[in-house]
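What follows is a set of notes on a single structure, which appears directly below.
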Ligand SMILES: Nc1nc2c(ncn2[C@@H]2O[C@H](COP(=O)(O)OP(=O)(O)OP(=O)(O)O)[C@@H](O)[C@H]2O)c(=O)[nH]1
Ligand SMILES: [Mg+2]
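In this note's numbering, the protein residues as written are 159 to 549.
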C-alpha cells in the first residue's frame, strides 16, 4: 500500500460525510491559501474573501472549465488559527448526491487541493497544537465508538486531555524532587512549610494508577470483548445465542450437530460491545466437517475473554463437561475469570437442580437470562478493575 502524502504545506480536501444519497454532504478543505483557491470556483465573486471567520456564506460552486454551476452550497469560513486544524479552512455543505460530491472533489482537485489522507485533518490539528496526541486519539475513538458509553468516554477524554493530567502529575513530581533536594543541600536552612514526601508520592502513585486504569477502561469500551457459547452438541447453545441476540439468527433443532460452523453476533453489556459466538458443539465428530467445526470452537474458546459453557440439565453433567470446566478454570483469561458454567434447559420437567457454581438458565422460557446478562456484564467490568475511568 502506498503511504499517503501528509505534507502539511498543501491545501487538502475530503468528503467528511459518508458516500451515498443524503439530504446534505459536507466537503472540508484546509490549508493556507484555501480561500483564495476556492474564490475561483465560487460565486458571488469576492464573497469568500470578504467573509469573517466562523460565518456561513451562501452561493454556488462553478466548474471553472466552462463555467457550469455544479451545486448551490453553503460554506462555512474558518480563518487561521481559529479552526479545527488551526489553518484557514472551509466546510462546503452541498446537496447529498454522490454525483455532486464527485464533481465538487474533481473541481477542488483541479483548483489545487490534494485529496486528504486518512486522519489528515486531525493530524494537522495536532501539528498546529490544537489537540494533543491523546485528544487526537479521542477524536478517532468518538468516530469509531460502537456503544453510547464508548462515545461518552471518548468525548470526555477530548475535553479533559489525558496528556494534561500527565503533565500535571509530572509537574507535582518535579516540585517534590526540588523540595527534597533543597532540604538535602541546605539542611541548616529553616525552610518554610512541612514536607511529607511519602504522602505526596502515594497521591502521585494513585493518580498514575487511575490514569492507567482509564487506558484499560477506554480500550474495553472501544474494542469490546469476545464471549463464546460452548458445550456439547444439543446443549442449547444456538437457542441461547438467539435469546441473547433477541433474534432468530442461528438454526435450532433437536438433531445434535446442527451448528457446524460458528456464527457471530453483536450485543452490548454495561455499555461494552460484546462479540458473541455460537459454536459447533463438542461430541462425536462423524465427519471431517464436524471435526473442523470443533477445531474452530477450540480456537474461539482459546481467544475468548468470556466462555459460557452450557450443560443440558436433562442430560446431566458428564465427564467431558467436567474436563472442559477444569481445564478452563486452570487457565483464567487475562480479563478475569472468564468462565461461566450454565445449567441449561432448566425448564424441562424433572431436571435435577444445578450443581454448585452453575447458573440456572432456560433460553426457552427466559428464566435466568437477566441474571446471566448481569453476571456477564460484571465479569467483563471486573477484568479492568474498579470503574473509575471518567478521566
Ligand atoms: N425445553 C427447552 N429446550 C431447549 C432449550 N434450549 C434449547 N432447547 C432445545 O434443545 C434442542 C437443541 O437446541 P440448540 O439450541 O439447537 O442446541 P445447540 O447446542 O446449538 O446444538 P448443536 O448446534 O447441535 O451443537 C432444540 O430442540 C431446542 O429447541 C431450553 O431452554 N429449554
Ligand atoms: Mg447449535
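We treat Cβ as the ideally placed atom computed from N, Cα and C, and that holds for glycine. Note that the coordinates shown come from a computational prediction; the quantities given were computed from them, not determined experimentally.
Query raised in the report: Is it the case that the CB of residue 517 approaches a heavy atom of ligand 1 more closely than 8 Å?
Result: Position 359 of the chain shown, counted from the first residue, corresponds to residue 517. Not so, every heavy atom of ligand 1 lies at least 8 Å from the Cβ.
Requested in this report: With a threshold of 16 other CB atoms inside 10 Å of the CB of residue 501, please say whether the residue is buried or exposed.
Outcome: For the purposes of this step, residue 501 is taken as residue 343 along the chain shown, with counting starting at 1. Taking all protein chains shown into account, residue 501 has 16 or more neighbouring C-beta atoms within 10 Å of its C-beta and is therefore buried.
Query raised in the report: What is the DSSP secondary structure of residue 371, reduced to helix, strand or coil?
Result: Your numbering for residue 371 matches position 213 in the chain shown. The answer is helix: DSSP assigns residue 371 an H, G or I state.
Report task. Just grab the DSSP bridge partners of residue 467 for me. Result -> Residue numbering aside, residue 467 sits at position 309 when the chain shown is read from its first letter. Paired residues: 388 and 499.
Query raised in the report: Which one of 448, 397 and 384 has the shortest CA to CA distance from residue 427?
Result: On the chain shown, position 269 is the one that residue 427 refers to. Answer by Cα proximity: 384.
Query raised in the report: Apart from the five residues just before and just after residue 177, which ones in its own chain have a Cβ nearer than 6 Å to its Cβ?
Result: Here residue 177 corresponds to residue number 19 of the chain shown, with the count starting at 1. For residue 177, where only same-chain residues beyond five positions count, the Cβ hits under 6 Å are 256.
**Report entry** Segment contact, 8 Å Cβ cut-off, at least three pairs: the stretch 218-227 with the stretch 183-202
**Finding:** A contact exists between the stretch 218-227 and the stretch 183-202.
Query raised in the report: Should residue 423 be listed as close to ligand 2, given that the test is whether its C-beta is under 8 Å from any heavy atom?
Result: As a first step, residue 423 is located in the chain shown; it is residue number 265 there, counting from the start. Outside the cutoff, so no.
**Report entry** residue 403 versus residue 527: straight-line alpha-carbon distance, rounded
**Finding:** Mapped onto the chain shown, residue 403 falls at position 245. Mapped onto the chain shown, residue 527 falls at position 369. Note on geometry: alpha-carbon atoms of residue 403 and residue 527 lie some 12 Å from one another.
Report task. Compute the minimum distance between the beta carbon of residue 417 and the heavy atoms of ligand 2, and state whether it is under 8 Å. Result -> By one-based count along the chain shown, residue 417 stands at place 259. Remark: the C-beta of residue 417 is in contact range of ligand 2, defined as less than 8 Å to any heavy atom.
Report task. Going by DSSP, name the residue or residues bridged to residue 340. Result -> For the purposes of this step, residue 340 is taken as residue 182 along the chain shown, with counting starting at 1. In DSSP, residue 340 forms no bridge with anything.
Query raised in the report: Smallest Cα separation from residue 149: which of 470, 248 and 242?
Result: Absent from the model: residue 149. The displayed extent of the chain is 159 to 549, so no value can be given.
Query raised in the report: Going by the C-beta, is residue 367 closer than 8 Å to any heavy atom of ligand 1?
Result: For this step, residue 367 is matched to residue 209 along the chain shown. No.
Query raised in the report: What's the gap between the Cα of residue 382 and the Cα of residue 498?
Result: One-based indexing of the chain shown puts residue 382 at position 224. One-based indexing of the chain shown puts residue 498 at position 340. Put simply, the backbone Cα of residue 382 is about 18 Å away from that of residue 498.
Requested in this report: Flag residue 439 as yes when its Cβ comes closer than 8 Å to any non-hydrogen atom of ligand 2, and as no otherwise.
Outcome: Here residue 439 refers to the residue found at position 281 of the chain shown. Yes, Cβ of residue 439 sits closer than 8 Å to a heavy atom of ligand 2.
Report task. Could you please give me the residues that DSSP links to residue 585 through a beta bridge? Result -> With the chain covering only 159 through 549, there is no way to say anything about residue 585.
Query raised in the report: Is it right to say residue 445 is buried, meaning 16 or more other beta carbons lie within 10 angstroms of its own, or is it exposed?
Result: Here residue 445 corresponds to residue number 287 of the chain shown, with the count starting at 1. Residue 445 comes out exposed.
Query raised in the report: Does DSSP classify residue 416 as helix, strand or coil?
Result: As a position in the chain shown, residue 416 is number 258, starting the count at 1. When secondary structure is reduced to three states using DSSP, residue 416 falls in the coil class, being assigned neither helix nor strand.
**Report entry** 6 Å Cβ shell around residue 399 - same chain, five flanking residues per side excluded
**Finding:** Along the chain shown, read from residue 1 onward, the residue named residue 399 stands at position 241. Excluding residues within five positions, the ones whose Cβ falls inside 6 Å are 387, 408 and 436.
Report task. Check whether the Cβ of residue 409 lies closer than 8 Å to any heavy atom of ligand 2, and answer yes or no. Result -> Along the chain shown, read from residue 1 onward, the residue named residue 409 stands at position 251. Ligand 2 approaches residue 409 closely enough that one of its heavy atoms is under 8 Å from the residue's Cβ.
Report task. Could you tell me whether the stretch 316-332 touches the stretch 349-365, where touching means 3 or more Cβ pairs closer than 8 Å? Result -> Enough Cβ pairs lie closer than 8 Å, so yes.
Query raised in the report: Any chance the CB of residue 470 is under 8 Å from a heavy atom of ligand 2?
Result: As a position in the chain shown, residue 470 is number 312, starting the count at 1. Because no heavy atom of ligand 2 lies under 8 Å away, the Cβ of residue 470 does not count as near it: no.
Query raised in the report: Is there at least one non-hydrogen atom of ligand 2 closer than 8 Å to the beta-carbon of residue 520?
Result: Locating residue 520 in the chain shown gives position 362, counting from the first residue. Residue 520 Cβ: outside cutoff for every heavy atom of ligand 2.
Requested in this report: Examine ligand 2 and report whether any of its heavy atoms sits within less than 8 Å of the Cβ of residue 632.
Outcome: Lying outside 159 to 549, the shown extent of the chain, residue 632 is not represented and no answer is given.
**Report entry** Backbone secondary structure at residue 253 - three-state DSSP
**Finding:** To locate residue 253, count along the chain shown from 1; it is residue 95. Assignment of residue 253 by DSSP, reduced to helix, strand and coil, places it in the strand class.
Query raised in the report: Between the stretch 238-252 and the stretch 274-291, do three or more beta carbon pairs fall short of 8 Å?
Result: The stretch 238-252 is in contact with the stretch 274-291.
Query raised in the report: So who's on the other strand from residue 507, going by DSSP bridges?
Result: Walking along the chain shown from the start, residue 507 turns up at place 349. None; residue 507 has no bridge partner.
Query raised in the report: Where does the unbroken beta strand (DSSP E) through residue 427 begin, and where does it stop?
Result: Position 269 of the chain shown, counting from 1, holds the residue named residue 427. Here the beta strand (DSSP E) through residue 427 covers 421-427.
Query raised in the report: What is the DSSP secondary structure of residue 541, counted as helix, strand or coil?
Result: Position 383 of the chain shown, counted from the first residue, corresponds to residue 541. Coil at residue 541, not helix or strand.
Query raised in the report: Cβ of residue 319 versus every heavy atom of ligand 2: is any distance shorter than 8 Å?
Result: On the chain shown, position 161 is the one that residue 319 refers to. The answer is no for residue 319.
Requested in this report: Using only the heavy atoms of ligand 1, determine whether one of them is closer than 8 Å to the beta carbon of residue 390.
Outcome: Working through the chain shown from its first residue, we reach residue 390 at position 232. A heavy atom of ligand 1 is found nearer than 8 Å to the CB of residue 390.
Query - Cβ of residue 477 within 9 Å of any chain B Cβ - result: You won't find chain B in this structure, because it holds only one protein chain.
Requested in this report: Measure the alpha-carbon distance for residue 299 versus residue 434 and round it to whole angstroms.
Outcome: In the chain shown, counting from the first residue as 1, residue 299 sits at position 141. In the chain shown, counting from the first residue as 1, residue 434 sits at position 276. The straight-line gap from Cα to Cα measures roughly 22 Å.
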